[in-house]
Amino acid sequence: MRPRRAHDPIPPMAQFNFEVFRFRSTAATISRALGIEPPPECRIQNGRTYLTFRRLGAARWPEAQQMDLVRRAVAVTRAVLADDERRQLRKSAPKAIVVAFEDSTLVDGWPVTTRWECTVPGTAVNQ
Numbered sequence: 018m019r020p021r022r023a024h025d026p027i028p029p030m031a032q033f034n035f036e037v038f039r040f041r042s043t044a045a046t047i048s049r050a051l052g053i054e055p056p057p058e059c060r061i062q063n064g065r066t067y068l069t070f071r072r073l074g075a076a077r078w079p080e081a082q083q084m085d086l087v088r089r090a091v092a093v094t095r096a097v098l099a100d101d102e103r104r105q106l107r108k109s110a111p112k113a114i115v116v117a118f119e120d121s122t123l124v125d126g127w128p129v130t131t132r133w134e135c136t137v138p139g140t141a142v143n144q
């Protein structure tokens, strides 16, 4: 392959597949099963499920308490997704799930957001 010259046209960029889908009804089901309010934000981005819990104070909990909620949330989420009638959700059930806790507060009058995140690997090898 010859080197690119200054007058050569610039090749087009490769397509980047970036999909984000939000599922409020699924988040409400997960929230009811866990007994947590407000419901988390539930989104699927490129096959990975993201749960973001806000305003629980969980970003400041002890690690053992955070991990307990992560384990419960992942188990419930996998069950809810696997049982959903939408194919996209059923397909994402065995894949990685990211659980995040976000809490905001004011420090010296300025908003400060604390975020704690845990990525739980998927259960299937080739999905």
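So the sequence shown is residues 18 to 144, counted in our numbering. Don't be surprised by glycine CBs; every beta carbon is placed ideally from N, CA and C. The structure displayed is predicted, hence computed values, not measured ones.
In the structure shown, T131 adopts extended strand secondary structure according to DSSP, grouped into three states.
Fewer than three pairs of CB atoms, one per stretch, sit closer than 8 Å, so the segment 97-112 makes no contact with the segment 78-88. Pairing K112 with T66 gives a Cβ-Cβ distance under 8 Å. One thing to note: P55 has its Cβ within 8 Å of the Cβ of R72. V137 places its beta carbon less than 8 Å from that of V87. Non-local beta-carbon contacts of R89 in its own chain, meaning distances under 8 Å to residues more than five positions away in sequence, involve L51 in chain order.
P26 has its alpha-carbon roughly 48 Å from the corresponding atom of D101. Spanning the alpha carbons of Q62 and F38 requires a straight line of approximately 6 Å. The three-state reading of DSSP puts T140 in coil, since its state is none of H, G, I, E or B. D120 sits in a strand when the DSSP states are folded into three classes.
Under the DSSP definition of a beta bridge, V91 lacks any partner.
Within the DSSP secondary-structure output, V115 pairs in a beta bridge with Y67, T136. Bounds of the alpha helix (DSSP H) holding I47 are 41-51.
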